[in-house]
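K.L.:
In the UniProt record's numbering, the protein residues as written are 1 to 127.
1. Could you pull out every residue in the same chain whose Cβ sits closer than 7 Å to the Cβ of residue 47, ignoring the five residues on either side in sequence?
2. Of the choices 20, 45 and 125, whose alpha-carbon is the least far from that of residue 62?
3. Mapping DSSP to helix, strand and coil, what is residue 35?
4. Tell me the residue span of the alpha helix (DSSP H) that contains residue 65.
5. Cα-Cα, which of 17, 87 and 43 is closest to residue 29?
6. For residue 6, collect the residues of the same chain with a Cβ closer than 8 Å to its Cβ; drop the 5 residues on either side in sequence, then sort them by chain order.
7. Mind pulling the alpha helix (DSSP H) runs of 4 or more residues that sit fully within the segment 45-86?
8. According to DSSP, is residue 11 part of a helix, a strand, or is it coil?
9. How is the alpha helix (DSSP H) around residue 103 delimited, first residue to last?
10. Mapping the DSSP letters down to three states, classify residue 123 as helix, strand or coil.
And the structure:
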């Protein structure tokens, strides 16, 4: 009636950056033995490659990626620390790319803020 329940149309304008970022997250997870989490990232990536925007968004916003314990974003202890920092930076970039595309996720924004804070604290300790 008034568009209250109308879902905003998503138009992926940064597909290559999304592919690059998701692929790197997948590689980092896979290379560090987190195959379940890597598979969670692989699903939306496959839909992105095939230009299936609806399923891309559906599988990108799952609890397997953004949920609590066991979710892709929450793996920790990647070694060495530079690898973990790269992992965090890629999740920050993913949240920014989602925002650019119009994909809203308060959890993605929260995770991005958490990782930014971690990196900032570490940088302050080093100086």
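We put the CB at the ideal spot given by N, CA and C, even for glycine.
Being a predicted model, the structure only gives us computed values, none of them experimental.
P.N.:
Taking the definition as stated:
1. Position 47 of the chain shown, counted from the start, is the residue given in the question as residue 47. Cβ neighbours of residue 47 beyond the five flanking positions: 55, 56 and 59.
2. On the chain shown, position 62 is the one that residue 62 refers to. Residue 62 has its Cα closest to that of 45, out of 20, 45 and 125.
3. Position 35 of the chain shown, counted from the start, is the residue given in the question as residue 35. Residue 35: helix per DSSP, three-state reduction.
4. To locate residue 65, count along the chain shown from 1; it is residue 65. Per DSSP, residue 65 belongs to the alpha helix (DSSP H) from 63-66.
5. Within the chain shown, numbered from 1, the residue matching residue 29 stands at position 29. Looking at the Cα atoms, 87 is the closest of the given residues.
6. By 1-based counting over the chain shown, the position of residue 6 is 6. Reliability of the predicted coordinates at residue 6 is poor, the pLDDT of 49 falling under 50, and the value obtained from them is presented with this limitation in mind. Cβ neighbours of residue 6 beyond the five flanking positions: none.
7. 53-60 and 63-66
8. On the chain shown, residue 11 is found 11 positions in, with the first residue counted as 1. DSSP places residue 11 in coil when its eight states are reduced to three.
9. Position 103 of the chain shown, counting from 1, holds the residue named residue 103. Unbroken run through residue 103: none, as it is neither H nor E.
10. Translated into positions along the chain shown, residue 123 becomes position 123. Helix.
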